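Engineer: Just dropping this structure here.
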Amino acid sequence: MQLFCLPYAGAGASAFRCMKETLPSSIEVCPLHLPGREHRYSAPLINQSFELIPQLARQLQAEVKGDYAIYGHSMGSLLGFELIRFLRRNSFLMPVHFFAAARGAPSLSGEYEHFSGLDDNEFIARIGQFGGLPEKILTNREIMNIVLPVLRSDFQLLDSYQYFEEHPLPVPLTSIHGATDATVQRAWVQSWQYETSGSYFHHTIKGNHFFINDPCSSVFDIIATTLFPERIENPVAQENFLIPAM
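Spelled out as structure tokens, the structure:
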């Protein structure tokens, strides 16, 4: 089973290193590569989702071998959602499951504060509040000169995103929220239930916004047992909400 992954703002394929090391070998972690970073550092940054999604679709279509799932984290959840919509419009094989983590449903994008237009100092201060970058990086101007354009581009993409209503995704969906994630309300994450016509499952787990960087996070058990239910040995110990298809 392939699991195509989309990262949070400012990140690339390496954001899923911990996932690769932790998930069972029956799940092949396949990060999709965004332009302007890591393997695609020389490619121009893209700050509009409608321009980026076709590129991601071509990557996925070139790599998919059979049944697959999609995992999106924060910004990646939004990209994953629009990617599945794009694939549906183009009659491509749908994923067997979509994991939307650490972000509210796309219909609530207007609820997020927009700060891509802030000056560098204010922008860096706000990024620091997310907790994803160590202080030694935030205060290193040389490193931030490399990181900042990527972050700004990604937040411009998020700030400019416009949600248009379509039929719900014909794909089972699991939303995941870190219990101490101060960037998004749990109710917003649970609103993903309205974006699927398949089964819906919600998990609130231990961790902050960047729980996928913790090798002990229960997110990996959730992914493995969702894709391979026969692996279930012990119930995952967090608050779960099973909501039937609507």
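Its first residue numbered 2, the sequence shown is counted upward by one per residue in my numbering.
Where is the CB? At the ideal position from N, CA and C, for every residue including glycine.
Treat the numbers as computed from the prediction; the structure is a model and nothing was measured.
1. Considering only residues of the same chain and omitting the five flanking positions on each side of residue 227, which have a CB-CB separation below 7 Å?
2. Where does the unbroken alpha helix (DSSP H) through residue 77 begin, and where does it stop?
3. Under DSSP, the alpha helix (DSSP H) around residue 129 begins and ends at which residues?
4. Here's the rule: buried if 16 or more other CB atoms are within 10 angstroms of the residue's CB, otherwise exposed. What is residue 6?
5. Based on the DSSP output, what are the partners of residue 100 in its beta bridges?
6. For residue 140 and residue 28, I'd like the C-alpha separation in whole angstroms.
7. Going by beta-carbon coordinates alone, are residue 255 and residue 47 separated by less than 8 Å?
8. Mapping the DSSP letters down to three states, classify residue 196 as helix, strand or coil.
9. If you draw a straight line from the alpha carbon of residue 240 to that of residue 206, how long is it in whole angstroms?
10. Who does residue 30 pair with in a DSSP beta bridge?
11. If you draw a straight line from the alpha carbon of residue 127 to that of residue 134, how long is it in whole angstroms?
12. Could you name the residues that DSSP lists as bridge partners for residue 206?
13. Check each candidate in 189, 17 and 59 and name the one with the smallest Cα separation from residue 111.
Structural biologist: Inspection of the coordinates gives the following:
1. 98 and 175
2. 76–90
3. 121–131
4. buried
5. Residue pairing for residue 100: DSSP places it in a beta bridge opposite 72 and 175.
6. 38 Å
7. Since the displayed the chain opens at 2 and closes at 247, residue 255 lies outside it and no answer follows.
8. helix
9. Low confidence applies to residue 240: its pLDDT is 43, below 50, so where it sits in the model is not reliable, and the reading given next is rough at best. Taking the straight line from one Cα to the other gives about 7 Å.
10. Beta-bridge partners assigned by DSSP to residue 30: 4.
11. 11 Å
12. Bridge pairing for residue 206: 179 [DSSP].
13. Residue 111 has its Cα closest to that of 189, out of 189, 17 and 59.
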